[in-house]
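Undergrad:
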Amino acid sequence: MSGFLVNANPGAPLRLVIFGGKGGAGKTTSAAATAIHLARHRPAGSPEPGRKVLLVSTDPAHSLADSLDVRVSDVPSAVPGVDNLWVRELDAYQADRRFHVQYDAVLRTLFERGTFLDGVDARSIVDLPLPGLDEIIAVRELANLLTKARRDRGGSGEYDLIIMDTAPTGHTLRLLALPKVMERWVHAYSLMQRKHKYMQRTFAGRCTLDAVDDFLKTFEADLRRVRELLYNSAASEFVPVLNADPLSVAETRRLVEALAGMGIAVRSLIVNRVPADGDCPLCQARHAGAMSWLTRIEQDFLPMSSGFNLVRVPLMAGQVRGVEMLAGFGATVFGAAGGTIRAPGASPVTPACCGHGPRACARGSDQLKP
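Residue numbering for the sequence shown is 8 to 377, as defined by our numbering.
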């Protein structure tokens, strides 16, 4: 649609687009297709080539590699056949290892200073799954990731745009709420360090900055960086992906309400796998049900905002997998392909009747006859 990601242009450049929603709705396909489309197409009115895009998955059950049909790891790698596009699947285990290698000693020192624990007990505490520690690691990774987003064309940072494929709704909401939650943990850690500084000044007459101060300063900067981008509606946008069915609509409604409460912008909804109308009763019933839920979506979601861009993607008669199929899906989302997806050397993959073709429709019609 012409209104999809309308501010993805040099005048008001998006730096972060997050795709999320109910599991199985098509988040990964939508994220990958959008990344390919934006990497290949230059911004309107710009003489420059397409944006440098990083497509990244934060879902523990990664599926970007399967969707793109390429090898993907925790290290960004170029996507074959698409200039300007890199892909990465975040590895939570490796992130945890990196954090502990870098900061275990600092955390032990912090707990020794701010509590009544001795060195042995402090080491034991750090080795435990501390409340808030997983969140600290997640925010650090998110901050490091967002640091790679340029503030403007030609500015600092490796990428013009970061597109995130996220886990299902509940996990994603917890991730997006982390910056505000972690403010309380940073405050608690800062109080521990202040206690130590007070004792230094009282008994030694002076205090000096050390690795603990550097850790707290770095983490506060990470939080600030994440907040500045995540809650900046001019630079970031969340795109819910849903299907036209009651469970998906109900979960997406709760998601959009939660995002509004966080101050995270939602301007578009992708309704995926909308069944086509057909000649058989089965297709007609499915299509009528989907149209009813599309009407419900418009009624439910429009009052939450000044207006959503509702992007309808038809049910396709085949799996959308691989770069060129995803490129066609992306063109459909952006309103340029007329609903037909074609891979090089392959037959067109068009919107499906029943998802199985005319013969299945005929069988479905016979089964529905009284």
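Every residue, glycine too, gets a C-beta built ideally from N, C-alpha and C.
1) Determine the extent of the beta strand (DSSP E) in which G27 is found, giving its start and end residues.
2) Output the residue ranges of the alpha helix (DSSP H) runs that lie fully inside the segment 210 to 290 and measure 4 residues or longer, sorted by chain position.
3) Taking 7 Å as the threshold (C-beta atoms), are A102 and E148 in contact?
4) Near L150, what residues of its chain come up, given a Cβ to Cβ distance below 6 Å and the 5 sequence neighbours on each side ignored?
5) Taking V273 as the reference, give the member of V318, A334 and K204 with the closest Cα.
6) Could you tell me which residues DSSP puts in a beta bridge with P321?
7) Is the beta carbon of N239 less than 7 Å from the beta carbon of F11?
8) Going by the beta-carbon positions, is the gap between A334 and I43 smaller than 7 Å?
9) Taking the beta strand (DSSP E) that E96 falls in, what are its first and last residues?
10) Taking the alpha-carbon of G337 as reference, which of L21, A39 and G31 has the nearest alpha-carbon?
11) Given a cut-off of 7 Å on the beta-carbon distance, is the pair L180 and A68 in contact?
12) Count the other CB atoms, across all protein chains shown, that sit within 10 Å of the CB of G385; report buried if there are 16 or more and exposed otherwise.
13) Have a look at the DSSP bridge pairing and note the partners of I170.
14) Between the alpha carbons of L153 and G88, how many angstroms are there, rounded?
15) Is S37 helix, strand or coil by DSSP?
TA: According to the structure data:
1) Where G27 is concerned, the enclosing beta strand (DSSP E) stretches over L23 to G28.
2) The DSSP assignment places 218 to 237 and 253 to 269 as complete runs of the alpha helix (DSSP H) inside the segment 210 to 290, in order along the chain (cut-off: 4 residues).
3) Contact: yes.
4) The question names Leu, yet the displayed sequence has Ala at residue 150. Answer for A150: D229, R232 and V233, listed in chain order.
5) Comparing Cα-Cα distances from V273 to each of V318, A334 and K204, the minimum goes to V318.
6) Answer is V281.
7) No Cβ-Cβ contact shorter than 7 Å links N239 with F11.
8) Taking 7 Å as the cut-off, the Cβ atoms of A334 and I43 count as close.
9) Segment L92 to E96, the beta strand (DSSP E) holding E96.
10) Here the closest residue by C-alpha is A39.
11) No. Outside cutoff.
12) The chain is shown only over 8 to 377; residue 385 falls outside these bounds and no answer can be derived.
13) Answer is V24 and L62, bridged to I170.
14) L153 and G88 have their C-alpha atoms roughly 25 Å apart.
15) Note: S37 maps to helix in three-state DSSP.
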